[in-house]
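Residue numbers (my numbering): 7 to 208. Beta carbons: idealized from backbone N, C-alpha and C, even for Gly. In what follows, a single structure is set out as structure tokens and then discussed.
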Amino acid sequence: MPRMNERARQDWATLRSLHGKKRLEHIWSYYKLPIIIVLILFYMAGYAVYRQATKKEDVLYLALVNIAPGDTLTEQMTAGFARDQGLTGKQQVYLYSGLLLSESEGADEEYVYASEMRIVSAVTAQRLDVVLMDAEARDAFAAQGYLADLSSLIPGLTCQWLDVSQTPLIRQAGFPEAVYLGVLANAPHPERAAAYIDYLLT
């Protein structure tokens with residue numbers, strides 16, 4: 007211990023005798039590792055605070071399967087719904103887009119398989135509420151038992167899907183085929199899913 011104290015006093019004396027650039031060079035030479043560790047810790051703490059401050063809450067999970075709306079309709083189906091619900095800037099509709107389930111000729115098998123895996127993962131993790139899809143995808147979801155009976159969300163409905171082709175938002179997109187809406191049986195936000203149906207229908 008006495009030797010360490012003596013060495014510390016010598017280091018301090020040396021540091022006091024240096025000025026400007028030489029002092030900085032001395033500090034860097036002898037304390038490089040502790041400085042780097044402290045900077046890394048500061049960075050990690052700052053990044054954690056930033057992530058927490060900017061983190062968004064997913065209040066609804068929406069998937070588009072076998073349909074490709076334009077940017078305007080996509081904005082209306084996501085941010086438009088958020089505005090309609092009076093959501094805060096930290097709340098959002100999480101969108102799964104570009105999903106393809108198709109047995110038609112010319113379909114990229116690898117892309118279809120990747121889409122299937124994304125859907126299965128989302129359903130398993132309970133990160134999927136509402137699906138907008140064509141008839142082929144509707145039949146695939148129904149066959150897997152993924153879709154809820156909509157009567158559990160909206161009294162009077164006795165089906166697993168709705169044809170929303172003629173709703174105000176969907177009609178203007180001019181899809182060549184019918185568009186259907188389904189809600190997942192294990193949807194994590196069933197009340198919000200019901201509100202989404204009401205949003206599309208009005």
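In this structure, the alpha-carbon of ASP135 lies about 14 angstroms from that of GLY151. Restricting attention to beta strand (DSSP E) runs no shorter than 3 residues, the region 147–205 encloses them at 167–169 and 186–189, ordered along the chain. In the same chain as ALA154, and ignoring 5 residues on each side of it, the C-beta atoms closer than 6 angstroms to its own belong to VAL189 and ALA191, in chain order. At the C-beta level, ALA179 and GLY76 come within 8 angstroms of one another. Residue nearest to ARG177 within the set THR208, ALA143 and ALA193 is THR208 (criterion: CA-CA distance). The beta-carbon distance between ALA141 and TYR67, rounded to whole angstroms, is 22 angstroms. This is too long to meet the 8 angstroms contact definition. Here LEU168 is near LEU156, since their CB atoms are less than 8 angstroms apart.
Under the DSSP assignment, ALA69 falls in the beta strand (DSSP E) whose first and last residues are 63–71.
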